[in-house]
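First residue of the sequence shown: 1, per the UniProt record's numbering; consecutive thereafter.
Shown next, in structure tokens, is the structure this report addresses.
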Amino acid sequence: MPSSNSVRSRARERNSVLTRPEFISLNQPLRGGGAGCPSESRGSARRPGQIKHQTSQPSEEPTDSGSKDRREPIKMPEEDCMLLNPSFKGIAKNSLLAIDISLSKRMGVCAYTSSSWGGCRSMVALLALTGHGITWIIGTIVCLTRSNTLAGQEVLVNLLLALILDVMTVAGVQRLVKRRGPWEMMPGFLDCVAMDIYSFPAAHASRAAMVSKFLLSHLVLAVPLRILLVLWAFLVGMSRVLLGKHHLTDMVCGFALGMLHFSLMESVWLSSSTCQTLISISTLSWSPFF
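See below:
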């Protein structure tokens, strides 16, 4: 029958702080410590006297490069590291980005034909095509060639310049940010032509906001048509989110960028005489030479 002293020593050793799981790694020897290290690491925790005695001994130089490499600590990849004291700004930013990505993935119900709303994918893609840059640029040029009034040509020339400004600005920002969409998809042929390859900002949302505001400001439309125009701009922006091409923040920033393009175009509005000069140069019918 064990004595009371041995029972007390085992209880004291069991309640020792160094035997806890979080402190066991501090008592284990280095990996390259020799043949006796594995059995020693699997044993009980060292006592403070043993630790002090070992730390007081000078460390021996490794005999070869292999043991030196084994003694070096393993560096974890940067993405696997955890920031122990992040700032409030960093926490808020990462949380908002996580919410944005999660909601955008859930709303991508038409991303593939096998998605929950995959049967409506062709209809949503057709709606998104109505806000494509190539569609609007070609349509504006066709209307400009058929227009016979100076006021109509003035509006169409300024609209064409606004569309070109929108395409170039959005393409430049996308090249700088290079943010991918919530679903990894290859851009289509028309997207490559219009330089709409990346996700931020949403080019369709920017174009729809700019065009709708432009038409509402320079065309006399009935109230139902004005409501339909605003609804069309919102649905065009949402269609790209449903197709899994853009995040929600991409759509919101696209709308804001489109309104900025409209304000910029209004500040540099070209007069009717300037528009006629541009039309004459583009059609090679400038009166001083022909």
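Glycine residues also receive a C-beta, built at the ideal position from the N, C-alpha and C atoms.
Should W136 go down as buried or exposed, given a rule of 16 or more other Cβ atoms within 10 Å for buried?
buried
From D100 to P187, what does the alpha carbon distance come to, in whole angstroms?
21 Å
V223, DSSP secondary structure in three states
helix
State the start and end residues of the unbroken alpha helix (DSSP H) segment that holds I279.
272-282
Roughly how many angstroms lie between the CA atoms of R106 and L176, to the nearest whole one?
27 Å
C-beta contact flag for V157 and C275 at 7 Å
yes
Based on Cα-Cα distance, which residue from S199, Q174, S280, L270 lies nearest to residue 299?
Here the chain has residues from 1 to 290 only, and residue 299 is not among them.
Throw me the rounded Cβ distance for the P201 and V173 pair, which I believe falls under 8 Å.
6 Å
Can you give me the C-alpha to C-alpha distance between K178 and D196, rounded to a whole angstrom?
11 Å
May I ask which residues mark the beginning and end of the alpha helix (DSSP H) holding R121?
121-129
Counting along the chain, where does the alpha helix (DSSP H) carrying V252 start and finish?
248-267
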